[in-house]
Amino acid sequence: MTDNVLVQLRRNVSATSWGFSIQGGQEHGTCVFIQKVKPKGIADRSGLRAGDGLEQIGHTPTQYLRHDQAKMEIIRAGNELDLYVRRNAVNIESSGNVLTPVNAYVVEDSTDYRGYTNPNVQSRSFRILQDSLQYSEMQEGRVEMTASPPYW
4 MTDNVLVQLR RNVSATSWGF SIQGGQEHGT CVFIQKVKPK GIADRSGLRA
54 GDGLEQIGHT PTQYLRHDQA KMEIIRAGNE LDLYVRRNAV NIESSGNVLT
104 PVNAYVVEDS TDYRGYTNPN VQSRSFRILQ DSLQYSEMQE GRVEMTASPP
154 YW
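Following our numbering, the numbering of the sequence shown begins with 4 at its first residue and continues without gaps.
The following block contains the structure:
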């Protein structure tokens, strides 16, 4: 039987490693799980184990996350990482790290829906680019270049 538990990891500086590595993800057809735990590292001292399946990273469910998305969620957590794990979700054999999933997720059709996008909001990088090119918006909604062209 597998248990679901909350593992809370804390560190003082982000330069310190969490002490674990993950494997799996939607593109691999398996759950995201803990591949290795560094002995005496933060993850080991907090009770994380190799073979634990990640159910949630913070408030984000991992069921449909790709490997790179799971890594980004861990990075985004900063210095306070809460992992909801399913104990012994994956059997990790010592010879060659051959993986045998214990439980698989139900695969549902995904959607391309990304949510509402506000057309009046500009990204920070776009604003920086706009400022560096010295564009100004006119009241009529036109965009006019206010800087004189460079002379080479």
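Cβ coordinates follow ideal geometry from the N, Cα and C atoms, glycine included.
Buried or exposed: residue i, going by 16 or more other Cβ atoms within 10 Å of its Cβ?
i: Ile131; result: exposed
i: Phe36; result: buried
i: Thr19; result: exposed
i: Ile78; result: exposed
If you draw a straight line from the C-alpha of residue i to the C-alpha of residue j, how long is it?
i: Asp41; j: Thr65; result: Residue identity check: residue 41 is Lys in the sequence provided, not Asp. Their backbone Cα atoms lie some 22 Å apart in a straight line.
i: Gln125; j: Gln133; result: 10 Å
i: Arg89; j: Ser17; result: 26 Å
i: Trp21; j: Leu51; result: 10 Å
i: Gln72; j: Ser135; result: 32 Å
i: Cys34; j: Lys74; result: 13 Å
Note down, in chain order, each residue of its chain lying with its Cβ closer than 8 Å to the Cβ of residue i, except the 5 sequence neighbours on either side.
i: Lys39; result: Phe23, Ser24, Ala53
i: Glu83; result: Gln11, Leu12, Arg13
What three-state label does DSSP hand residue i in the structure shown?
i: Lys39; result: strand
i: Leu86; result: strand
i: Arg14; result: coil
i: Gln59; result: strand
i: Leu9; result: strand
i: Gln26; result: strand
Verify whether the separation of the beta carbon atoms of residue i and residue j is less than 8 Å.
i: Tyr87; j: Asn7; result: yes
i: Gly56; j: Ala92; result: yes
Once you ignore the five residues that flank residue i on each side, which residues in its own chain have a CB closer than 6 Å to its CB?
i: His70; result: Gly28
i: Ser49; result: Val10, Leu12
i: Asp85; result: Gln11, Gly61
Who are the Cβ neighbours of residue i in its own chain at under 7 Å, not counting the five residues just before and after it?
i: Glu30; result: Arg69, His70
i: Ala46; result: Leu12, Trp21, Gly22, Phe23, Val40
i: Thr63; result: Glu76
Under a CB-based cut-off of 8 Å, is residue i close to chain B?
i: Asp71; result: Of the protein chains in this structure there is only one, and it is not chain B.
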